[in-house]
Each structure stands twice: as structure tokens, then as C-alpha cells.
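Remarks on the structure that follows.
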Amino acid sequence: MYNLTIIPGDGIGVEVTEAGEYLLDKLDLNFSLTHARAGYDCYNDTGKTLPEETIKKAKKSDAILFGASTSTPGQPSPIIRLRKELNTYGNIRPIKSYKGVKSLYDNIDIIIVRENTEGLYSQNEYMRGDEIIAERVITRKASEKISEMAFETCKLFKKNKVTCVHKNNVLKLTDGVFKESFYKIGEKYPNIEKNDYYVDAAAMYMITQPQEYEVIVATNLFGDILSDEGAGLVGGLGLAPSGNIGAEHGLFEPVHGSAPDIAGKNIANPCAMILSISLMLNYLKEYKIAENVDKAVQKVLEKGKVKTPDLGGNASTMEMTKEIIKEL
1 MYNLTIIPGD GIGVEVTEAG EYLLDKLDLN FSLTHARAGY DCYNDTGKTL PEETIKKAKK
61 SDAILFGAST STPGQPSPII RLRKELNTYG NIRPIKSYKG VKSLYDNIDI IIVRENTEGL
121 YSQNEYMRGD EIIAERVITR KASEKISEMA FETCKLFKKN KVTCVHKNNV LKLTDGVFKE
181 SFYKIGEKYP NIEKNDYYVD AAAMYMITQP QEYEVIVATN LFGDILSDEG AGLVGGLGLA
241 PSGNIGAEHG LFEPVHGSAP DIAGKNIANP CAMILSISLM LNYLKEYKIA ENVDKAVQKV
301 LEKGKVKTPD LGGNASTMEM TKEIIKEL
């Protein structure tokens, strides 16, 4: 039996998490659910965006599902802190075009593997007179670990090439280590093609020739930016799942945020959450169920009869969820 922790968070995180739970209940999967709190509403009630009790529950789980959190002024991001507490050093972001969904190209299938603990997101900021300084921390150890995850992801999803994205021509030390680590680890995978691009060129190619990419590995900030750029190519953040993965824990979340402007209206697209559940199932080695969930989402999108407003339809969150379950 799997022990899963559910953290709905705020805004539409609550709605898509409810949809995700409803789908999980229909799967041939033996699990128990534990609920925990985080986010803006949690802060208003408890004074903390991420209570220690939530961290404890997450650490005892086989996997964690996170909905979304609204930014709390003056407080740390609960999802960033949770990633650090669980040491989920890699972020997996699939970027895939679906039939029935308007996108720039109909044959995009990329996985972005982003280092999740370092870089500018280390949040080492301080003031020195008139200067405000943010330190970019890159270590050889973390660079090698994320490179290995990228090559293993390439194998798992039966792809053939990994591209390293960096800015080694300017950031010679930090990105120099990242690029060097990539090619060092790559020697263990002689059957996988390897290349690298500067991040500005990589961003351009994402628009002009995304078919060039299969798996991308990047530092924290670069990976974050390229991931959202990729989501814009294939129909928006409502179709963008993610997984935060480490040696001992897996934390899975849609990346669309809490969207307070539509919260409570039951019109949020559940696909990003459901596809995040598919990533979670892969993490749990439930490969067949994960594949079935993916195919069900693809069929519903291709038929186009039941779509939420972001995709041009008028279905509710739960109506689209139930349609995906019918395909299952």
C-alpha cells in the first residue's frame, strides 16, 4: 500500500487536488491518503506557510501531491521550502503537444530536467550599501546528480538525446562546472546523443525548432524559464505537470499556480494535476497505470468535446475529470 500525502494549498489548487483525488480513487491502486496544509490560507490560520506537521507528514509518505500556493508577503514560498526539506533535487517538466489543442507545432515532445536546489533560487540575498546582491550557487555534486537524472530520464522515456543548457561564455565558473559535469556523466551513457546550447540560443530554438529537443537539462532559473516557455508552445500551463524528485522523496504538482482570479469557479483545467499524477505513478513504478492515465488525457483532448474554458470549452473542472475517467 502506498501512503500519499495531499497538500491542496490555495485557490485552484484546492479544486484540481479534489479532481486528482477523485481520479486516484478510480484507479486500480492500493493507497491511503493523508491531508496536510500549506500556503496563504494556512499562514492566516497558523502563522506559517509550511507548518512542521506538514513536513513530517510529507517525509513519511511514498509520494506527495501539491496543489498550488498563493504568495504570502514577507514569507518563504512553501513549495520551495518543501523541495529543500525533501531534498528533491530534480524537477521534471514534460512539454508535449496534444491533438485537439491549439499549439505552434503538433509534434513537440520534450522533457526538461531542472536542477531544483541551487542557482539563484538558493535565496542567498543581502545588501551592501546601495548594492543588493543575490548569490548564484552551483556545486559540482549537484550538477553531476542532475545530469545523471537527465540521462536516466532519457532512458526511462525511451528518448535518444540530452541537451545541456547553460551560459558558459559569460558565467565561466558556475556554468563551466555545470557543463563539465554534464559531459563527464554523459560518458556513462555512450548510446545517448549529447549536445549543449547557450540559454539564449536554447530559448530561440524552443520557438523556431522545438523538435531539436528530446531531454533538456538546465540550472534552476534557466530551467524554470524554459519550462514556462515550453508550456506556452503547447496550450498553456493547464497542461503542464511537474515532478520534484530526489533520492528518497517525490513531490508532484501542476505548475499553473493558484490563479486567484478563477478560484472557486470550478473551471480550472485538471489536466496538469492529472498528468502530474501520471508522473507520480511512474515514480512509484506503476508504469502501466501511468501510461493509461496519459492516454486517457490524450483521448479527451483529441476528441475535444469536453474542455475547460482555457482550452476553448465550457466544461467544469470535475466534468473534464469525469470525462478522462470514462476513457480510463
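Note that my numbering numbers the sequence shown so that position 197 is 197, with each residue one more than the last.
For glycine and all other residues, C-beta sits at the position ideal for the given N, C-alpha and C.
| query | result |
| --- | --- |
| Among LEU156, LEU281, PRO254 and LEU279, nearest to ALA268 - alpha-carbon criterion | PRO254 |
| Beta carbon of THR49 nearer than 8 Å to that of PRO78 | yes |
| Buried versus exposed, by CB contacts within 10 Å (16 or more), LEU173 | exposed |
| Integer-rounded CB distance, given that MET273 should sit under 8 Å from ALA63 | Not confirmed; about 14 Å, so no contact. |
| Beta-carbon gap between GLU144 and LYS184 smaller than 8 Å | yes |
| Close beta carbons around LYS99, own chain, < 8 Å, minus the five adjacent residues each side | ASP106, GLN298, LEU301 and GLU302 |
| Nearest-angstrom Cα separation, counted from ALA296 out to GLN209 | 28 Å |
| Identity of the residue in ASN116, ALA58 and ARG140 nearest THR5 by Cα | ALA58 |
| Three-state secondary structure (DSSP) of MET1 | coil |
| Reduced DSSP secondary structure (H/G/I, E/B, other) of ARG114 | strand |
| Run of the beta strand (DSSP E) containing PRO254, from where it starts to where it stops | 250-254 |
| Residues of its chain near LEU284, where Cβ-Cβ distance is below 7 Å and the 5 sequence neighbours each way are ignored | TYR2, ASP62 and ALA63 |
| Proximity of ILE80 and TYR121 at Cβ, strictly below 8 Å | yes |
| Beta-carbon proximity check, HIS249 vs THR88, cutoff 8 Å | yes |
| Where the alpha helix (DSSP H) containing ASP45 begins and where it ends | 40-46 |
| At least three beta-carbon pairs within less than 8 Å, the segment 202-219 to the segment 153-172 | yes |
| Residues near LYS26 by beta carbon distance below 6 Å, same chain, minus five either side | ILE325 |
| Straight-line gap, GLY230 to THR308 (C-alpha atoms, nearest Å) | 20 Å |
| Buried versus exposed call for PRO270 [16 or more other C-beta atoms within 10 Å across all chains shown] | buried |
| Beta carbon proximity, PHE31 to chain B, threshold 8 Å | Of the chains in the structure shown, none is chain B; there is only one protein chain. |
| Distance between ASN169 and LYS288 (C-alpha atoms, nearest Å) | 43 Å |
| Nearest neighbour of PHE222, chosen from TYR198, TYR213, PHE252 and LYS305 [CA to CA] | TYR198 |
| Contact under 8 Å by Cβ, ALA68 with GLY257 | yes |
| Neighbour-count burial assignment, LYS305, 16 or more Cβ in a 10 Å radius | exposed |
| Alpha helix (DSSP H) segment containing THR174, residue limits | 174-186 |
| Extent of the continuous alpha helix (DSSP H) run through GLY352 | Any answer about residue 352 is impossible in this case: the structure gives the chain only from 1 up to 328. |
| Opening and closing residue of the alpha helix (DSSP H) in which GLY232 lies | 220-233 |
| Cβ-Cβ distance between SER97 and ILE112 below 8 Å | no |
| Boundaries of the alpha helix (DSSP H) in which THR321 is found, first to last residue | 317-327 |
| LEU82 versus ARG93, LEU65 and ILE95, residue with shortest Cα-Cα distance | LEU65 |
| Beta-carbon separation (whole angstroms), VAL137 vs ASN124, contact threshold 8 Å | 6 Å |
| Endpoints, beta strand (DSSP E) assigned at ASN292 | Element bounds for ASN292: not the beta strand (DSSP E) but the alpha helix (DSSP H), 287-303. |
| Reference PRO76, options ILE92, LYS56, LEU86 and GLY39, closest by Cα | GLY39 |
| Cα-Cα separation between ALA247 and GLU53, rounded to whole angstroms | 22 Å |
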